[in-house]
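For reference, the structure discussed in these notes is given below.
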Amino acid sequence: MLAARTGAAGSQIAEENPKFRRQSGLSTGGKDKSPKKASENGKDRSLSPTGQTQLRARQLALVREVEMNWYLKLYDLSSEHTASHTTGMPHRNLGKSGLRVSCLGLGTWVTFGGQISDEVAERLMTIAYESGVNLFDTAEVYAAGKAEVILGSIIKKKGWRRSSLVITTKLYWGGKAETERGLSRKHIIEEIVRAMTHVINQGMAMYWGTSRWSAMEIMEAYSVARQFNMIPPVCEQAEYHLFQREKVEVQLPELYHKIGVGAMTWSPLACGIISGKYGNGVPESSRASLKCYQWLKERIVSEEGRKQQNKLKDLSPIAERLGCTLPQLAVAWCLRNEGVSSVLLGSSTPEQLIENLGAIQVLPKMTSHVVNEIDNILRNKPYSKKDYRS
């Protein structure tokens with residue numbers, strides 16, 4: 001899966017700062033389907049975008065179950081032969097495409113080729129793979145291209161079947177030369193939609209999507225693709241965590257319903273802010289203490305940052321009651337959104353990754369009552385101009 005970043009031409013980028021993670025990625029578009037209407041007491045009532053997303057997710061899950069049962073019966077197999085049964089890792093469709101991705105993926109931003117050694121990177125990928133993760137995310141700009149090389153080298157060394165993996169990468173901030181970055185024809189062959197269609201038709205990628213695009217830009221790309229008989233995007237990679245909700249909970253459900261674009265989210269722990277290690281300031285050994293992460297330190301020690309830490313302390317009793325850690329609660333909270341196809345994890349140690357993967361066990365405990373408890377503490381549940389959640 002290939003991706004392309006967008007941003008102001010000629011500007012400088014610090015790849016560690018998430019505000020520059022604006023990109024476009026590779027994926028396929030699903031068929032456009034009109035909204036379904038439910039009838040109650042003889043009156044038609046349109047479902048909210050959130051309700052439509054949940055309904056569609058359940059329908060797709062049912063179809064997938066029927067297909068899987070048919071396949072297993074055809075080849076005289078049992079459910080024990082499936083990866084999801086063996087590892088317990090749920091899989092979801094990427095948007096309305098037929099691509100199945102693990103609901104947790106492993107990201108390589110900052111870590112691969114930078115914060116961790118190649119040996120640790122291999123250990124992390126092995127843990128993820130053996131836990132049922134089939135989605136690995138990278139980008140050409142991560143560690144100046146080293147992250148992609150390390151990812152590919154590990155896959156080759158382990159001998160994992162390429163067909164069992166979904167690899168996503170992103171374009172825009174490439175090399176230092178003017179011709180090595182951006183979304184020009186020179187860099188990715190042509191204008192974005194035409195270029196992605198060409199890349200897919202040439203067999204260099206299977207799908208394309210976007211990262212940090214606005215809903216309007218995604219809709220424009222879809223319209224261009226339909227107008228000129230090209231391939232539209234299938235997913236948007238967006239930041240999503242307890243303190244960043246608007247886009248994933250309000251804008252993307254509408255896009256999913258209208259054009260089939262799903263959500264692949266990143267930074268479920270808000271660059272470590274939700275990990276709990278910054279509750280009493282910035283430890284010397286933490287990422288925020290490094291000079292190149294001054295922006296993160298400023299965010300943590302700001303007035304808003306202190307308010308967030310207080311809210312995290314209020315959430316801790318909920319995590320304790322559910323028998324999990326605060327990071328596991330935060331990741332499970334992201335996964336409880338059925339409109340999210342996959343949540344990308346970023347870990348620098350095997351212990352962190354194992355802990356975060358444990359969020360799968362917490363997901364069944366995320367009842368509506370628990371979610372409401374969390375909302376009452378956060379007090380940041382987003383609403384669009386039209387109240388879709390009433």
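With full-length UniProt numbering applied, the sequence shown closes on residue 390, and no number is skipped along the way. Glycine included, C-beta positions come from ideal geometry on N, C-alpha and C. None of the values given here were measured: they were computed from a predicted structure.
Give the straight-line distance between the Cα atoms of residue i and residue j, rounded to the nearest whole angstrom.
{"i": "T349", "j": "I273", "result": "17 Å"}
{"i": "E249", "j": "P382", "result": "7 Å"}
{"i": "H198", "j": "C235", "result": "18 Å"}
{"i": "E320", "j": "I155", "result": "37 Å"}
{"i": "S27", "j": "R58", "result": "Low per-residue confidence applies at S27: pLDDT is 38, beneath 50, and the placement is therefore not dependable, though the value from the model is reported in the following sentence. If you take the alpha carbons of S27 and R58, they lie about 22 Å apart."}
{"i": "H111", "j": "L335", "result": "According to the sequence as given, residue 111 is Thr; it is not His. Straight-line Cα distance between these residues: approximately 23 Å."}
{"i": "N372", "j": "R379", "result": "10 Å"}
{"i": "L290", "j": "V301", "result": "14 Å"}
{"i": "G358", "j": "L62", "result": "25 Å"}
{"i": "N376", "j": "S153", "result": "46 Å"}
{"i": "W98", "j": "A139", "result": "For clarity, residue 98 is Gly in the given sequence; the question names Trp instead. G98 and A139: Cα-Cα distance of roughly 23 Å."}
{"i": "K331", "j": "N337", "result": "Note on residue identity: the sequence assigns Val, not Lys, to residue 331. Distance between the alpha carbons of V331 and N337: 11 Å."}
{"i": "V141", "j": "N201", "result": "25 Å"}
{"i": "V56", "j": "L315", "result": "For the sequence presented, residue 56 should be read as Arg rather than Val. Going from the Cα of R56 to the Cα of L315 covers about 31 Å."}
{"i": "R162", "j": "L255", "result": "30 Å"}
{"i": "K351", "j": "I360", "result": "Per the sequence shown, the amino acid found at residue 351 is Glu instead of Lys. Those two C-alpha atoms are separated by around 16 Å."}
{"i": "K247", "j": "G339", "result": "12 Å"}
{"i": "R226", "j": "P232", "result": "7 Å"}
{"i": "V370", "j": "T325", "result": "15 Å"}
{"i": "P317", "j": "G305", "result": "20 Å"}
{"i": "Q52", "j": "L60", "result": "12 Å"}
{"i": "I374", "j": "M366", "result": "10 Å"}
{"i": "T168", "j": "E130", "result": "19 Å"}
{"i": "A288", "j": "G107", "result": "19 Å"}
{"i": "N69", "j": "G203", "result": "30 Å"}
{"i": "Q244", "j": "K73", "result": "44 Å"}
{"i": "V282", "j": "V362", "result": "28 Å"}
{"i": "R299", "j": "W109", "result": "19 Å"}
{"i": "E303", "j": "F228", "result": "49 Å"}
For residue i, which of the options has the nearest alpha-carbon?
{"i": "P364", "options": "A221, S341 and W333", "result": "W333"}
{"i": "C103", "options": "I360, S342 and A238", "result": "S342"}
{"i": "S214", "options": "K156, R336 and L252", "result": "L252"}
{"i": "L151", "options": "S164, P317, H369 and F136", "result": "F136"}
{"i": "K307", "options": "M366, M125 and L242", "result": "L242"}
{"i": "N93", "options": "N356, Y207, I374 and N372", "result": "Y207"}
{"i": "L345", "options": "L315, S223, E239 and I318", "result": "E239"}
{"i": "G262", "options": "Q237, K277 and G281", "result": "Q237"}
{"i": "K157", "options": "Q52, T138, M125 and K170", "result": "M125"}
{"i": "H91", "options": "E65, E246 and T108", "result": "E65"}
{"i": "G114", "options": "L106, A143, M89 and Q361", "result": "A143"}
{"i": "E191", "options": "T108, N69 and A221", "result": "A221"}
{"i": "G105", "options": "M89, V282 and S275", "result": "M89"}
{"i": "K258", "options": "G203, G281, M216 and I116", "result": "M216"}
{"i": "S347", "options": "Q244, G281, I116 and W70", "result": "I116"}
Sorted by chain position, which residues of the same chain lie with C-beta nearer than 7 Å to residue i's C-beta, five sequence neighbours on each side aside?
{"i": "N134", "result": "V101, S102, S164, L165 and V166"}
{"i": "Q309", "result": "Y278 and G279"}
{"i": "E67", "result": "none"}
Quick one: measure Cβ to Cβ for residue i and residue j, integer angstroms, because I've assumed they're closer than 8 Å.
{"i": "R194", "j": "M219", "result": "With a Cβ gap of about 17 Å, R194 and M219 do not count as contacting."}
{"i": "K313", "j": "G279", "result": "7 Å"}
{"i": "A128", "j": "L353", "result": "7 Å"}
{"i": "P327", "j": "E284", "result": "At roughly 21 Å, the Cβ-Cβ gap does not stay under 8 Å, so P327 and E284 are not in contact."}
{"i": "G260", "j": "G95", "result": "5 Å"}
{"i": "T87", "j": "G132", "result": "3 Å"}
{"i": "residue 391", "j": "S211", "result": "In this structure the chain extends from 1 to 390, so residue 391 is not present and cannot be described."}
Excluding sequence positions up to five away, which residues of its chain have a Cβ less than 8 Å from the Cβ of residue i?
{"i": "S368", "result": "none"}
{"i": "S286", "result": "G272, K277 and Y278"}
{"i": "S275", "result": "L269, L326 and P327"}
I'd like the list of long-range same chain contacts for residue i, defined as Cβ closer than 6 Å, with 5 residues on each side in sequence excluded.
{"i": "L329", "result": "A319"}
Could you say if the segment 294–305 and the segment 260–268 meet the contact criterion of at least three C-beta pairs nearer than 8 Å?
-> no
Validate contact between the segment 118–129 and the segment 143–154 using beta carbons, cut 8 Å, 3 pairs = yes
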